[in-house]
Amino acid sequence: MDYSREELMTAVSGQMPIKRWEHTEGVMAAAVQLANKYGGDPVKADLAALLHDVAKYWPIQEQQAVVRNHPLLDQDLLNHDKQLLHSEVGYFVARSDYGVSDIEVLDAIRYHTSGRIGMTLMDKIICLADYIEPGRDFPGVDYIREQANQSLEEGLIAGFDSTIRFLLDKKKVIYPLTILARNDLVGQMKSASTKDSSIT
0 MDYSREELMT AVSGQMPIKR WEHTEGVMAA AVQLANKYGG DPVKADLAAL
50 LHDVAKYWPI QEQQAVVRNH PLLDQDLLNH DKQLLHSEVG YFVARSDYGV
100 SDIEVLDAIR YHTSGRIGMT LMDKIICLAD YIEPGRDFPG VDYIREQANQ
150 SLEEGLIAGF DSTIRFLLDK KKVIYPLTIL ARNDLVGQMK SASTKDSSIT
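Using the numbering used here, you'd call the opening residue of the sequence shown number 0 and step up by one each time.
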């Protein structure tokens, strides 16, 4: 990687309002805590969390241009809520501008908003940390935090349920990958439960 942690923090914090940087710091702390609890790499978790919102406050036109001009990025995002773009752009920027080459870190940035089928441990850590960082204050966040203490999967299911419920109430389009990610996690939980019951 081309940047030290301190240089990255300076570069990233300079691209967002103070409130969003405070959120990023909260996600970093939550991600390290989750990594330590669930067997992830805390150094990678810290790096992915640091960069997860790096493109959040770029002008939407710039974010759209990055996705449009790089065919390997998910072009389908251009047809969905603009809030989803910053994850894909953040993945690209982390790799191209900041020299991050670790695919675990890059994918965790890429899927921290939508989730995906077959989420890796690092995907789960960053996505869940984004929901439960200490500064978050929205209806149901305490329940998500409680579930996060049980397992990453339980926490994420609660988080995705909250997001889907919010979008339904607002009569907004739901990004299909989020529904697929949620259903995949439910399947993982059922599979784990079946294994546990067969052992006993």
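By construction, the Cβ of each residue, glycine as well, lies at the ideal position given by its N, Cα and C atoms.
No experiment lies behind these values; they were computed from the predicted model shown.
task: List in chain order: all unbroken beta strand (DSSP E) runs of 3+ residues lying wholly within the region 110 to 154.
output: none
message: Contact defined as beta carbons within less than 8 Å: I believe E152 pairs with M188. What is the distance between those atoms, to the nearest angstrom?
response: Mapped onto the sequence shown, residue 152 falls at position 153. Mapped onto the sequence shown, residue 188 falls at position 189. Contact between E152 and M188 is confirmed by a C-beta separation of about 5 Å, below the 8 Å threshold.
query: Which residues in the same chain as K55 place their Cβ atom closer than 7 Å to its Cβ, once the five residues preceding and following it in sequence are excluded?
result: As a working mapping, residue 55 is identified with position 56 in the sequence shown. Counting only Cβ-Cβ distances below 7 Å, and skipping sequence neighbours, we find M15, R19, H85.
message: Out of I156, M27, L7, E5, which one is the CA nearest neighbour of G134?
response: Your numbering for residue 134 matches position 135 in the sequence shown. Per the Cα distances, M27.
query: CB M121 to CB A47, shorter than 8 Å?
result: Numbered from 1 along the sequence shown, position 122 holds the residue referred to as residue 121. Numbered from 1 along the sequence shown, position 48 holds the residue referred to as residue 47. Contact: yes.
task: Report the residue from L127, S3, Y37, D73 whose alpha carbon sits nearest the alpha carbon of H51.
output: Taking the first residue of the sequence shown as position 1, residue 51 is located at position 52. That would be L127, whose Cα lies nearest to the Cα of H51.
task: Kindly indicate which residue of R109, D129, A10 has the alpha-carbon position closest to the one of A157.
output: For the purposes of this step, residue 157 is taken as residue 158 along the sequence shown, with counting starting at 1. Nearest C-alpha to A157: D129.
message: What would DSSP say about Q62, mapped onto helix, strand or coil?
response: Walking along the sequence shown from the start, residue 62 turns up at place 63. Helix, per DSSP.
query: What's the gap between the Cα of I102 and the Cα of L167?
result: Here residue 102 refers to the residue found at position 103 of the sequence shown. Here residue 167 refers to the residue found at position 168 of the sequence shown. Taking the straight line from one Cα to the other gives about 33 Å.
Unbroken alpha helix (DSSP H) run spanning A54, endpoints: Indexing the sequence shown from 1 puts residue 54 at position 55. DSSP places A54 in no alpha helix (DSSP H); its state is neither H nor E.
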